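S.K.: All residue numbers for the sequence shown refer to this note's numbering, where the first residue is 11 and numbers rise by one. Cβ coordinates follow ideal geometry from the N, Cα and C atoms, glycine included. None of the values given here were measured: they were computed from a predicted structure. This is the structure I want to talk about, given as structure tokens.
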Amino acid sequence: MPTTFSPSTSTYAALMSTGAVGHLMPKHGEFCAVSAPIGKGYFRFAGDFLAAQPTRQDDDEARFVSCSRIIPELYLGNVVASYHIPTLQAHDISAVVSVIEDRNPRWELPEYYALIPAENHLIVPAGDTDTQDLLVHLSQICDFIDAQHDAGRRVLVHCIAGVSRSPTVVVAYLMRKWRKDLSKAIKYVTGKRNEVWPSPNFMEQLRVWEEVGYEVWGDADSDAKLKTAKGPYRAYLERKDQRAEKRLP
């Protein structure tokens, strides 16, 4: 059941200043419902957005953190979790994968770099659209997560709401790591986090990921530019391009 919060006006102001509400409302309106006039700052969010105790009593951002442990060394969450230092510290997270369109200014702060240095932060520019290709990034993301785990680091994977893009990445990672099929991997992830609803486009890509054996490129020259897309991936790219063409004026 959705959890209802009634934050104070200062809470609303803080969220607006950090961009959390601004990001969530336009792109994920189905997961953010206004339950009273917006001037009073009342919002209803799906799921549990309180994952860590604030370090100060007035740490209003903490109530908007969403961070779920999927396996001991891998977490899935929203954008607020990615820059909320008390949450990162509480879960001993020292590496982050951001699947998001825009860089958050909080990531540039010295105190953030002290916890998540640049080499431990992989930023994958990606929107939540029906033409966004995540498949092209999945091998790089999986390799990054494996390298961080090998170094003894816990990793947070996030997007804006932690609902579509980042769950897609986590499911794809577990499919490759455990050699599990899509149905078993997504059942496992949804068992750890309720707010998992990959878009039809991303579900299509997860099926392709399974079909190509967790690698979209076929045998090719050592030059990465000469890589050849496997048949299922090539077919997906054609369907994606057709969807894009239909929207052209």
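Contact check, glycine 87 vs leucine 166 under 8 Å by CB: the rounded distance?
M.R.: Taking the first residue of the sequence shown as 1, we reach residue 87 at position 77. Taking the first residue of the sequence shown as 1, we reach residue 166 at position 156. Going by Cβ atoms, the distance from glycine 87 to leucine 166 rounds to 6 Å, so yes, they are a contact pair.
S.K.: So for proline 135, helix, strand or coil by DSSP?
M.R.: The residue given as residue 135 occupies position 125 in the sequence shown. Strand, per DSSP.
S.K.: Which residues in the same chain as serine 232 place their Cβ atom closer than 8 Å to its Cβ, once the five residues preceding and following it in sequence are excluded?
M.R.: The count along the sequence shown starts at 1 and reaches residue 232 at position 222. Only weak support is given to the placement of serine 232: the predicted model assigns it a pLDDT of 46, under 50, and the value that follows is read from those uncertain coordinates. The answer is none, since no qualifying residue turns up.
S.K.: Do glutamine 158 and the ligand NAP come close, with the Cβ less than 7 Å from some heavy atom?
M.R.: In the structure on display, the ligand NAP does not appear, and there are no ligands present to speak of.
S.K.: Note down the Cα distance separating tryptophan 207 from tyrosine 224, rounded to an integer number of angstroms.
M.R.: As a first step, residue 207 is located in the sequence shown; it is residue number 197 there, counting from the start. As a first step, residue 224 is located in the sequence shown; it is residue number 214 there, counting from the start. Distance between the alpha carbons of tryptophan 207 and tyrosine 224: 21 Å.
S.K.: Considering only residues of the same chain and omitting the five flanking positions on each side of arginine 135, which have a CB-CB separation below 8 Å?
M.R.: On the sequence shown, position 125 is the one that residue 135 refers to. In the sequence under discussion, the amino acid at residue 135 is proline, which differs from the arginine named in the question. Within the same chain, proline 135 has close Cβ partners Ile110, Glu111.
S.K.: Along the chain, which unbroken stretches of the alpha helix (DSSP H) at least 4 residues long are found entirely within the segment 140 to 190?
M.R.: The qualifying runs are 145 to 160, 175 to 188.
S.K.: Kindly provide the ranges of any beta strand (DSSP E) runs that are 3 or more residues long and lie completely inside the segment 80 to 114, ordered along the chain.
M.R.: Runs found: 84 to 87, 103 to 110.
S.K.: Which same chain residues, not among the five before or five after tyrosine 122, have their C-beta less than 8 Å away from its C-beta?
M.R.: Within the sequence shown, residue 122 is the residue found at index 112, counting from 1. These residues qualify, in order along the chain: Tyr93, Ile95, Arg116.
S.K.: Can you name the residues that DSSP bridges to alanine 239?
M.R.: Indexing the sequence shown from 1 puts residue 239 at position 229. Paired residues: Trp227.
S.K.: Between leucine 84 and isoleucine 155, which are expected to be in contact by the criterion C-beta below 8 Å, what is the C-beta distance as a whole number of angstroms?
M.R.: Here residue 84 is taken as the residue at index 74 of the sequence shown, counted from 1. Here residue 155 is taken as the residue at index 145 of the sequence shown, counted from 1. Between isoleucine 155 and leucine 84 the Cβ distance is about 7 Å, and since that is below 8 Å, they are a contact.
S.K.: Is it right to say glutamate 71 is buried, meaning 16 or more other beta carbons lie within 10 angstroms of its own, or is it exposed?
M.R.: On the sequence shown, position 61 is the one that residue 71 refers to. Glutamate 71 is buried by the Cβ-count criterion.
S.K.: Measuring only the C-alpha atoms, how far is isoleucine 78 from asparagine 130?
M.R.: Numbered from its first residue, the sequence shown carries residue 78 at position 68. Numbered from its first residue, the sequence shown carries residue 130 at position 120. Residue identity differs from the one stated: residue 78 is serine in this sequence, not isoleucine. Taking the straight line from one Cα to the other gives about 20 Å.
S.K.: In chain order, what residues of the same chain lie with their CB nearer than 6 Å to the CB of alanine 195, ignoring the 5 residues before and after it?
M.R.: As a working note, residue 195 is residue 185 in the sequence shown. Only Val181, Leu184, Met185 meet the Cβ criterion.
S.K.: Check whether the Cβ atoms of phenylalanine 212 and arginine 244 sit closer than 8 Å, and answer yes or no.
M.R.: Taking the first residue of the sequence shown as 1, we reach residue 212 at position 202. Taking the first residue of the sequence shown as 1, we reach residue 244 at position 234. Not a contact, by the Cβ cut-off of 8 Å.
S.K.: From the DSSP secondary-structure annotation, give me the bridge partner or partners of serine 193.
M.R.: Position 183 of the sequence shown, counted from the start, is the residue given in the question as residue 193. Paired residues: none, contrary to the question.
S.K.: Identify the residues that DSSP records as bridge partners of serine 78: which are they?
M.R.: Within the sequence shown, residue 78 is the residue found at index 68, counting from 1. Per DSSP, Leu86.
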